[in-house]
Structures are given as C-alpha cells and as structure tokens.
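Structure, as structure tokens:
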Amino acid sequence: MNYIKENHHITDIKYLTGPLQDGCYLVTVGGANEIGMNFNLFGIVKNSQEQWIIVDAGVGMEKKNGINLVMASIDFALTCNIIGIVCTHAHEDHIGAIPYIIEDLEKNANNRIPIYATQFTSLLVQEKFKEHRLDGEFMIVEPNENFQIGDFSLKLVYVTHSIPEPNMVIINMNNEIKLLHTGDFKLDEDPLVGGVSDLKTMRDNGPYNYLVCDSTNSPYEDWSASEGSVKKNLIPVFSQFFNKRIVISCFSSNIARIGTFLEIAKQMGRKVILYGRSMIKNTKVAEKCGHLRASNVLISHENIKSIPDNKLMIVCTGSQGEYSSVLHKLATDTYGHFTLTDKDVVVFSSKVIPGNEKEIQELKNIFIRNNINVIDTSSHPGIHASGHPSKPEILEIVNIAKPEIIIPVHGDAYHLQKVENICEENNIPCVTPFNGAIINLNKGKIIAKVNAEKLYKDGKLFIRENSPVLKIRKILGEEGICIINISGEKILFNLHGIFDFTQDNINKNNLFRILSGIANSALIKNKQNKIQIISHRFKDFFWKNYGKKPFITVIDLTNKITLSENDQVQYII
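Heads up, the sequence shown is in our numbering, so the first residue is 684 and it goes up one at a time.
If you want it as structure tokens, here you go:
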C-alpha cells in the first residue's frame, strides 16, 4: 500500500449540514492539534439510526482573564444519541469535563448515560460527582473484560502510564470497523505500580483497521525512562540533602512516584506529610484500590512541628506553577501551615507541560532569590519520567497492532506531524484530524467538520471562547476603563487603570479640564447622538495623546441611556 496522508486544513472542510450516511465515524471534538482536553466521539449509523459513545472527556488549563479551566464544546454531542461514556484513565485531561457535561447529555438523551471505567478511575469520577452533587450510573470494567454498549463491542487493555489503571480500548463497531484507541500510554518495563503493558492481548485481538494513537512524545527518539529508574535516581539526590527539609512536588495523580517518595523516606528515616487537596484525594483512592501502601512514615499535618526539619519530607501539589497550589503559596509566603527557609530544598519531580513555562520558572526564581535550593530536571534529568510514548514505543505498538490507518491524537500540530513522519517512513496511511473533524472510518477520510469551539469556565458559568466578555476583560486588563456620567449640565469622569496619578508625568487637573472641554463641546453641538460623539472623541484623545485604547462607557443619566465599547445604545432600567 502506498503511503497516503489525509490531512486537510480545517478551512478546507465544510461544516456538516445534514444527517450522516450509514457507516462508522470518529469525531475528534477535543485533543487534536492541542495538548489536553481530550474528547472523542465514536458513532455507528445504521438504517439512519445513530448510536454514539464518548471516549474520554477532559479539560485543559487556562490562566487568563479570570479563566482557569477550558473544555471542548458539546454542541455536536447534544445532537447525538449518546449511549455511554468510556474512560481510558483518570487524568484531568481525560475525565475532568464529565461532571460539567453529564446533566446536559442525560437531559438530551432523556435517560441515564452509564460511565464505564476501572475501579480507580471510577472512584475518582465519583468523587467529582459528589463535589458537584450529581448522581451517576457507574459500570466497573476490568482489563480484558469484554463489554457491550449498544452495537459497540469493547475491551480494555492494560498499559503503563503515570497513573494507576491506564488502559487502551479496543472498539469493534458493528463488526465493520475494529480499532485500537491507545489513550495515554508508555511501554514501561519497571512501572512500580501495576503490571507491564499487556502486549499479548493487543496482538491477539489484532490486526486493526485503525490505531488512534497518543502523540505527545512522538518527537523523541529515545525510549521513555521507567518509573523504576526515577526511584534509583532520586535516592542520591535526597541523600545529599540529609541536613535539610525536603519539599518535593510532582503530579498528584502519579501514585507510583508518591510511593517512591514514601519508600525513600523510610530508608532515610524521614516522615512524610502530604499537602494539597488533589494529592490527598488521589492517595486515599489509590490506597483503597491497593495501589499504594501508606506505611507508618506518612503522618498528618498536625504533627509537622514535632518532627525535626531534617527528618521530614513534604510532598505537595504545584509542580506546574498553579496559583492556587501549595507550592505557589509556599513561594509567596501565603500558606498558613508552615513557611520555607534557606534550610529547605525544593525538588520538582515533574516535566513542564507546554504553556506553563513562565509560571514554573517564576516559581523557581522566587525560591532561588530566597536562597532556597531548587532541584529540577534541567540539572537532574533522571528525577522524572514521562508517561507518554516516544517514537520507538509508538513503532512498537504499530508493529503489534498492524493498523491499516493511523489517526494521531493527543498532541499539537508539531506532535501530530511527527506521527505523520513515522507513518510515511513505514508506508502506513495517516489521517490527521483537527478539533471538530468528522472521520468516516469506512472511507478513511475526513468528510466534514462540526463546531468545536472551546468553552471557558468563568466562575460557576461557562462562556464560549469568542465571548465579548473575554475581549472586554482583555481591554480592561491592558488599557483600563473610562466611565463618563452625564447628568443634565454635570459631567463626572472615572478613570481606572489608565494612568498612575502618583507619578509626575500626568497633570490630573489639566487632564480633566481637557476631558470636560471635549465632553461639553460634544454636548452643545450634538443633541441627537451626543453619547456616540463623546465616546469617539475620547477614543481619539486617548490614542493620539497617550497611545492608549481604554474601554469607554458613556452613561446619560438624564435620558437613562448608556453606551459601551460595542457602540450599542441601551436604556438604563
């Protein structure tokens, strides 16, 4: 078979305008051309009747304009007959959206939608449901167990990753299409928690029409390091700081790594305290499922003052520089339980997720400025191991699965292109999706697209990525706001975030005299559209004189009319 690359740019594909023809489909709603926010829909259309399952529904992180969480649009999912949700594993970018979408999906289906997952993953999703005061129907599935969802025949296949109970999923669609969806994986021969990847089951159930493949580490030529090697590398690092308190941060879901910390602490005669809500929650669930044995080295927060610093190891959240995390609060001295001094050492046993570079580096800089030792992978690369497959591991799965076509997901454009290169080198057809792509699995091509607009969590609400609210917040944050109140002959100005009047470069009285003149001139000469004229003249003034474009709101209290940035007049009620 000659190599074929099906890789249309999103602008070349038309939106879906009618019902899908009979066949099997994959819609990559999230996680294609981006890291995180994984959301895939698999559909069977038979005699014009549709059945769809969701495989993973995750969130991504945002740090701008009051937004800290983002997920994929469920507009298309709400048009589908969803009959089940399958979770490959319990990372936030695979399960985090479920509590936010389940009610709308079930209301649309007029029925409960069961959630299929292994015990550990199911318990973590259930914890989320408790937090959101939701009920759910949970179906516990064991690896190698066959289960049926409508016309979908499925089987979970155990693999290794950086969290307990990760799985690939074999999906047989109406006996027409069989594919292997890898979820997140690596091929770790010494994973510390759980067994090694079940390559035999993958091979015995193959070959497959499609391999839907994790692409996150596809650019790397070397085999991913094992968790066992991390353990060996951490021992000498900890040993050299025998006289210091050790504060170490990792991903809170990396139970194998937390188990490593506990074991090394026991060898060194140290006690361990866990800090961070997600760290404590994940550890308790891991204990319940038998993935972690918290020995007597693990103590409660109340005992921190009774343990000498050089006999203590603190494991906490915040390796990605999150503002609400324990590590960030320690750096900014806003954590109430304890403070850090130059007698501490801070260890980052984690990688930098793309997009978090600035926050993490600033966190490290704060520690360094306070004479606190910082250890990370730049100086000690062996203290972290990725949970994703590099090029040789992807090739290993390709050789086992023997797919007719590969669909790379879970990666940005650079990562997906590297999988395309692997396909080209091995003469395997590749269909590279984007968010919103509809892939006809019977034809092996992208046939249309659906809305895949991102949804941003704004407090307790969700807004769309093109919401004018975000545009306004950006202007307010960068340029400030000018509010002009008109009441009869009186004009009142409020300027916020535009000028620093404590500096000598702005004459406040002179500025307001000029602004009053602009407003009065507009009021005298323009009776009909005075507030539009005032708004436009103020914009011109700020731009020509100060190079600034503040958000301008004009309120006419006399006539109960207001004009905001979008130049639309509204009545004040």
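Glycine included, every Cβ here is placed at the ideal spot set by N, Cα and C.
How far does the beta strand (DSSP E) with residue i in it reach, from first residue to last?
{"i": "Lys838", "result": "835-841"}
{"i": "Val1237", "result": "1234-1239"}
{"i": "Trp735", "result": "732-740"}
{"i": "Gly767", "result": "765-769"}
{"i": "Phe921", "result": "Per DSSP, Phe921 belongs to no beta strand (DSSP E); it is in the alpha helix (DSSP H), 910-922."}
{"i": "Gly999", "result": "Per the sequence shown, the amino acid found at residue 999 is Cys instead of Gly. Per DSSP, Cys999 belongs to the beta strand (DSSP E) from 995-999."}
{"i": "Lys1132", "result": "1128-1132"}
{"i": "Ser932", "result": "928-932"}
{"i": "Asn855", "result": "850-856"}
{"i": "Ile1122", "result": "1120-1123"}
{"i": "Tyr631", "result": "Here the chain covers residues 684 to 1256 and nothing more, so residue 631 does not appear."}
{"i": "Ala755", "result": "753-755"}
{"i": "His864", "result": "860-864"}
{"i": "Leu1144", "result": "1144-1147"}
{"i": "Ile823", "result": "821-823"}
{"i": "Phe1031", "result": "1027-1031"}
Looking at residue j and residue i, is the spacing between their C-beta atoms short of 8 Å?
{"i": "Pro849", "j": "Thr771", "result": "yes"}
{"i": "Asn1177", "j": "Ile1189", "result": "no"}
{"i": "Val955", "j": "Asp1027", "result": "no"}
{"i": "Cys896", "j": "Ile1090", "result": "yes"}
{"i": "Gly741", "j": "Gly767", "result": "no"}
{"i": "Met720", "j": "Gly726", "result": "no"}
{"i": "His1063", "j": "Thr899", "result": "no"}
{"i": "Pro826", "j": "Asp881", "result": "yes"}
{"i": "Lys1034", "j": "His984", "result": "no"}
{"i": "Leu1010", "j": "Thr1000", "result": "yes"}
{"i": "Leu1138", "j": "Met754", "result": "yes"}
{"i": "Val728", "j": "Leu709", "result": "no"}
{"i": "Gly1065", "j": "Ala939", "result": "no"}
{"i": "Thr1291", "j": "Leu807", "result": "Examination of residue 1291 is not possible in this model, given that the chain is present from 684 through 1256 alone."}
{"i": "Ser756", "j": "Ala1135", "result": "yes"}
{"i": "Phe934", "j": "Ser845", "result": "yes"}
{"i": "Ser1002", "j": "Ser932", "result": "yes"}
{"i": "Ile1043", "j": "Val1081", "result": "no"}
{"i": "Thr943", "j": "Leu917", "result": "yes"}
{"i": "His974", "j": "Phe803", "result": "yes"}
{"i": "Phe868", "j": "Pro1037", "result": "no"}
{"i": "His1020", "j": "Ile982", "result": "no"}
{"i": "Leu1153", "j": "Asn855", "result": "no"}
{"i": "His774", "j": "Ser1032", "result": "no"}
Look up residue i in the DSSP assignment and give the residues it is bridged to.
{"i": "Pro1091", "result": "Cys896"}
{"i": "Thr804", "result": "Note: Thr804 sits in no beta bridge, so no partner."}
{"i": "His1179", "result": "Ile1164"}
{"i": "Asn829", "result": "Lys838"}
{"i": "Gly706", "result": "Val728"}
{"i": "Ser1170", "result": "Lys1173"}
{"i": "Lys645", "result": "Missing from the structure shown is residue 645; the chain here goes from 684 to 1256 and no further."}
{"i": "Phe722", "result": "Gly713, Ala740"}
{"i": "Ile956", "result": "Ile997"}
{"i": "Lys869", "result": "Thr843"}
{"i": "Ile798", "result": "Ile768, Phe821"}
{"i": "Lys1157", "result": "In the DSSP output, where bridge partners are listed per residue, Lys1157 has none listed."}
{"i": "Lys747", "result": "Ile750"}
For residue i, report the span of its alpha helix (DSSP H) as first-last.
{"i": "Gln950", "result": "938-951"}
{"i": "Asn1048", "result": "1040-1052"}
{"i": "Thr884", "result": "882-887"}
{"i": "Arg1220", "result": "1213-1229"}
{"i": "Arg960", "result": "960-971"}
{"i": "Val1009", "result": "1009-1014"}
{"i": "His777", "result": "775-778"}
{"i": "Asn791", "result": "781-792"}
**Asked** Quick check: the segment 727-741 against the segment 760-767, are there 3 or more CB pairs under 8 Å?
**Response** yes
**Prompt:** When the Cβ atoms of the segment 1045-1064 are set against those of the segment 1014-1027, are three or more pairs found closer than 8 Å?
**Reply:** yes
**Prompt:** Counting Cβ pairs closer than 8 Å, one from the segment 1193-1209 and one from the segment 1146-1157, do we hit at least three?
**Reply:** no
**Cβ pair count under 8 Å reaching 3, the segment 1091-1105 against the segment 1113-1128** = yes
**Prompt:** Per the contact definition of three or more C-beta pairs closer than 8 Å, is the segment 856-867 in contact with the segment 883-897?
**Reply:** yes
**Asked** Counting pairs of beta carbons, one from the segment 941-955 and one from the segment 993-1005, are three or more of them closer than 8 Å?
**Response** yes
**Asked** Does the segment 809-828 come close enough to the segment 1129-1137 to have 3 or more Cβ pairs within less than 8 Å?
**Response** no
**Request:** State whether the segment 819-836 contacts the segment 793-807, with contact taken as three or more CB pairs (one from each stretch) at a distance under 8 Å.
**Result:** yes
**Asked** Which runs of the beta strand (DSSP E) spanning at least 3 residues fall entirely within the segment 1058-1115, listed in chain order?
**Response** 1088-1092
**Touch test, the segment 1154-1161 against the segment 1229-1241, Cβ-Cβ under 8 Å, three pairs minimum** = yes
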